[in-house]
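J.:
Protein chains in written order, with our numbering: chain C, -15 to 96; chain P, 68 to 182.
1. By alpha-carbon positions, which one of C:5, C:16 and C:-2 ends up nearest to residue 68 (chain C)?
2. So which residues of chain C does residue 117 (chain P) contact, with C-beta pairs closer than 9 Å?
3. Relative to the alpha-carbon of residue 91 (chain C), which residue among C:6, C:1, C:-14 and C:2 has its alpha-carbon at the smallest distance?
4. Assess, as a yes-or-no matter, whether the region 20 to 33 of chain C is touched by the region 41 to 52 of chain C under the definition of 3 or more beta carbon pairs within less than 8 Å.
5. Measuring CA to CA, which of C:-7, C:15 and C:-14 is closest to residue 73 (chain C)?
6. Kindly indicate which three-state DSSP category residue 164 (chain P) falls into: helix, strand or coil?
7. Just the chain C side, please: which residues come within less than 7 Å of residue 112 (chain P) by C-beta, in chain order?
8. For residue 85 (chain C) and residue 60 (chain C), what's the separation of their Cα atoms in angstroms?
9. Counting only the same chain and skipping the five closest in sequence on each side, list residues whose C-beta sits under 7 Å from that of residue 70 (chain C).
10. Nearest to residue 93 (chain P) by CA position, among P:170, P:146 and P:182, is which residue?
11. Looking at chain P, is there any beta carbon in it that lies within less than 7 Å of the beta carbon of residue 93 (chain C)?
12. So which residues on chain C does residue 162 (chain P) lean against when the C-beta distance must stay under 8 Å?
13. With DSSP run on the structure shown, which of helix, strand or coil describes residue 152 (chain P)?
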């Protein structure tokens, strides 16, 4: 039981490049979330999903897209990276009817 | 609009003392939940405690307790007998049921425990 895993752990991109972050959970959770954490700040919700095939916008969705084709995976895409997207990205999942979110270890992304 | 406010950017506390981390929230929902998470320097997010808006008793988990004052819209975290390992960032967060799933976080408080 690995919990929530994120791939990759670190990445450096140049402005304008694209990439996809993968989040996987093996707890059969319905809800999945993508957050970003900028230095010295709390987490801000980018997008979330309430089940397979569904996605919804959070607080800061601009510049990101997501997909939830399989229940266990939640992908976060950056089509054209910008320096303002330099951040640590956290994925989390939560089971139906529960309140605790389980977080992945984070992905540190730098855009130069 | 929903909002979480943590007014203490940083705190220093002597080891073994109790510490209270402040959190106030704003929501028009009657049903909501409040969380506290710990983020050590290693970066992972560790769930500490949860309080539902209809829970009559304050939540407790070991050395952690949540001082929930609904009328004042505050949900302070109390750590009893602090330890050096408690040094970390602490985040208050809120979930409100009308949005089904969204959770918002405060800006955090950095707690440093002095030996």
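Backbone N, C-alpha and C define an ideal beta-carbon position, used for all residues, glycine too.
T.: Judging by the given coordinates:
1. Numbered from 1 along the first chain, position 84 holds the residue referred to as residue 68 (chain C). Residue 68 (chain C) has its Cα closest to that of C:-2, out of C:5, C:16 and C:-2.
2. As a working mapping, residue 117 (chain P) is identified with position 50 in the second chain. Residues of chain C passing the Cβ test: 83 and 84.
3. Position 107 of the first chain holds residue 91 (chain C). Of the listed residues, the one whose Cα sits closest to residue 91 (chain C) is C:6.
4. yes
5. Looking up residue 73 (chain C) in the first chain gives position 89. When each option's Cα is compared against that of residue 73 (chain C), the closest is C:-7.
6. By one-based count along the second chain, residue 164 (chain P) stands at place 97. Looking at residue 164 (chain P) - three-state DSSP - the assignment turns out to be helix.
7. If you number the second chain from 1, residue 112 (chain P) lands on position 45. Under the 7 Å cutoff, chain C gives 74 and 87.
8. Working through the first chain from its first residue, we reach residue 85 (chain C) at position 101. Working through the first chain from its first residue, we reach residue 60 (chain C) at position 76. The straight-line gap from Cα to Cα measures roughly 18 Å.
9. Here the question's residue 70 (chain C) lines up with position 86 in the first chain. Result list for residue 70 (chain C): 93, 94 and 95, in chain order.
10. Position 26 of the second chain holds residue 93 (chain P). Cα-wise, what sits closest to residue 93 (chain P) is P:170.
11. As a working mapping, residue 93 (chain C) is identified with position 109 in the first chain. For residue 93 (chain C), no CB of chain P lies under 7 Å from its own CB, so it is not counted at the interface with that chain.
12. Taking the second chain and counting its residues from 1, one reaches residue 162 (chain P) at position 95. Neighbours of residue 162 (chain P) on chain C, chain order: 83.
13. Here residue 152 (chain P) corresponds to residue number 85 of the second chain, with the count starting at 1. Residue state, collapsed to three classes: helix.
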